[in-house]
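Undergrad:
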Amino acid sequence: MGENDFDLLEPLPVRPDEVAEKEIWHPLWHCFCCQDTGKIQLNLVRRVIPSYNYERDRLPICQNCHKGHDWFHLNDLGVIDTRLGPQICRKLNNIAREDWRLTTQIWFEMVKQRLENATEEITSEHNLRRRDRISEEFILAKKKHELARGDWEEIEEDEEEVTEE
Ligand SMILES: [Zn+2]
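The sequence shown maps to residues 1 to 165 in our numbering.
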């Protein structure tokens, strides 16, 4: 190894992308069954009670997390439904979690694609504007030069060259 050579190292990000990504797409709730409301999500309820009517029927209470306890005192009033037990709720939780994973994956791909498209657009727009600006400057410089020379007729292509970069 030469005197000025080093053993190369991999960069050490403070927060690896994967972690950051997970944080962005992590939901605000802990329980996927009730989204921490204690009430089982409507679309999940309908997997067990297909003809469930939110207006008419008792509220199925989550038994996958402790949030459901907030509702249990209403049991005597006959407004809650406790038939969807811990096992069912756990199953619903897993289904909803998988749904979320798939949905966020699709979202993520969409957002990424949109960002890429937007970046491409901005880049090409920027280049167009840049090209316009350069040709405008070129024409202006040429005019000034011609004015100074008192020459309005003759346009020499090799003068006042503006080179890119
Ligand atoms: Zn819950």
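Where a beta carbon is used, it is the ideal one built from N, C-alpha and C, also for glycine.
Verify whether the separation of the beta carbon atoms of residue 82 and residue 61 is less than 7 Å.
TA: Result yes, Cβ atoms of residue 82 and residue 61 sit closer than 7 Å.
Undergrad: Which first and last residues belong to the alpha helix (DSSP H) in which residue 74 is found?
TA: Looking at the DSSP string, residue 74 is not in any alpha helix (DSSP H), and its letter there is neither H nor E.
Undergrad: Is residue 64 a contact residue of ligand 1, with contact defined as CB to any heavy atom under 6 Å?
TA: Residue 64 Cβ: within cutoff of ligand 1.
Undergrad: Roughly how many angstroms separate the alpha carbons of residue 35 and residue 7, rounded to a whole number?
TA: Residue 35 and residue 7: Cα-Cα distance of roughly 50 Å.
Undergrad: Determine the DSSP secondary structure at residue 88, reduced to helix, strand or coil.
TA: Three-state DSSP puts residue 88 in a helix.
Undergrad: Should residue 67 be listed as close to ligand 1, given that the test is whether its C-beta is under 6 Å from any heavy atom?
TA: Yes, the beta carbon of residue 67 sits closer than 6 Å to at least one heavy atom of ligand 1.
Undergrad: If you drop the 5 nearest sequence neighbours on each side, which residues of the same chain put their C-beta closer than 6 Å to that of residue 63?
TA: 85, 86 and 89.
Undergrad: Do the CB positions of residue 97 and residue 32 come within less than 7 Å of each other?
TA: In contact: residue 97 and residue 32 (Cβ atoms closer than 7 Å).
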